[in-house]
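Working notes for the structure below.
There are 2 protein chains.
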Amino acid sequence: MHFSKTTEYAIRVLSYLHRHNETSHSVNVLHQELGLPYKYLTKMMTELVKKGLVTASRGREGGLSLAKSADQIRLCDILEAIGEPLEYERCILGFEKCDASNPCALHDQWAPPKAMIEEMLTTTTLDSLIHNKETKL
Amino acid sequence: MHFSKTTEYAIRVLSYLHRHNETSHSVNVLHQELGLPYKYLTKMMTELVKKGLVTASRGREGGLSLAKSADQIRLCDILEAIGEPLEYERCILGFEKCDASNPCALHDQWAPPKAMIEEMLTTTTLDSLIHNKETKL
DNA sequence: CTATTAGTCTACTTTATGGTAGTATTTAAA
DNA sequence: TTTAAATACTACCATAAAGTAGACTAATAG
């Protein structure tokens, strides 16, 4: 299990925006603060704006900030915005049709971890992350 | 979360060998029975032989069979033999150093699902899969 | 000897991901 | 109204990993 780099970046950026939400931040600042590739960031942030997680204002003094309050942004919302497929939903052996009535050989064993991951992604919000304290981004 | 196709193939083949362990089976039979690409299978099986999960005998009447009893083959053994990195062990945000004393923002949230996956991979054996009944391979 | 079967080596194709470049457009401060 | 700061859009390139296929070699039972 892992996230794509893009998703990792997104989580880190959004966390940063939440932690420093007194003001908006330009892509350049995010680039420098988090050490992420500038051009890549612009592409990604554009996507997050389209998906409604981030608001952008152009021009001088413009920048990016969260579009919702942090307790309204769940990890699964971020994954979805990035377009990361929710891998844990698929059959772990790759079968198209795999459910309780027609299970693959691993169906039952995979069910508990799957449920756990699903819960984590749907209940964890940006907000709850931060409360951890000033962890690294 | 998902396995690579190679790992999926391996689990399915090994399960097949276990279910039909009265005799050995040629790559060609496995290819036809499971619908997996022949050439890819030969490469993969050679690897599993090297790693000690499968025994092979050449020549007429030769073929492949399990090298150990099925209750001695855990899912994590298969992953390791295939060389699939144990992704769940890595930091979910991709940081090199991420542990309890120096955690990433998601460290705590990821811990429970991670433990669950680890348990599943280390406690599930080929044997326990089969008992499910004649599920599809 | 010969048919059968695994093993090796090599090279191609596909897919996913990560990253770059250039240009156009918008905004607000000066 | 000018202009610099900043985003928006579009397209492309690089790379690695995964998956596939072919041709040749080696072993073995009968």
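Protein chains in written order, with the numbering used here: chain A, 34 to 170; chain B, 34 to 170.
Using N, Cα and C, we set each Cβ at its ideal position, and we do this for glycine too.
Because the structure is a prediction, the values reported are computed rather than measured.
- Per DSSP, the continuous beta strand (DSSP E) segment holding T88/B begins and ends at 87–90.
- For A138/B, the nearest CB of chain A lies under 8 Å from its own CB, placing it at the interface with that chain.
- Rounded to whole angstroms, the separation of the alpha carbons of V87/B and M78/B is 8 Å.
- Boundaries of the alpha helix (DSSP H) around L81/B: 71–83.
- What E129/A touches in chain B, judged by beta-carbon distance under 9 Å, is nothing: the nearest beta carbon there is about 11 Å away.
- For V82/A, the closest of G95/A, R93/A, A100/A by C-alpha to C-alpha distance is A100/A.
- Rounded to whole angstroms, A138/A and K169/B show a C-alpha spacing of 7 Å.
- With 16 or more other Cβ atoms inside 10 Å of its own Cβ, E41/B counts as buried.
- Within its own chain, the residues whose Cβ lies closer than 8 Å to the Cβ of T157/B, once the five positions on either side in sequence are excluded, are R107, L108, listed in chain order.
- Buried is the label assigned to D110/A, since at least 16 other Cβ atoms lie within 10 Å of its Cβ.
- Using beta-carbon distances, T155/A does not count as an interface residue toward chain B, since no partner is under 8 Å.
- If you check the CB distance, A114/A and K84/A come in under 8 Å.
- For S98/B, the enclosing beta strand (DSSP E) begins and ends at 96–99.
- Secondary structure of R107/A (DSSP, three-state): strand.
- By the 16-neighbour rule on beta-carbons within 10 angstroms, P70/B is exposed.
- Contact of M77/A with chain B is not assigned, every C-beta pair being separated by 8 Å or more.
- Secondary structure at K147/A: helix, using DSSP grouped into helix, strand and coil.
- The CB of Q142/A comes closer than 7 Å to the CB of M153, T157 in chain B, given here in chain order.
- Annotation for I44/B: I111 place their beta carbon closer than 7 Å to its own, counting only its chain and skipping 5 residues before and after.
- The C-alpha of T155/B is placed about 48 Å away from the C-alpha of G96/A.
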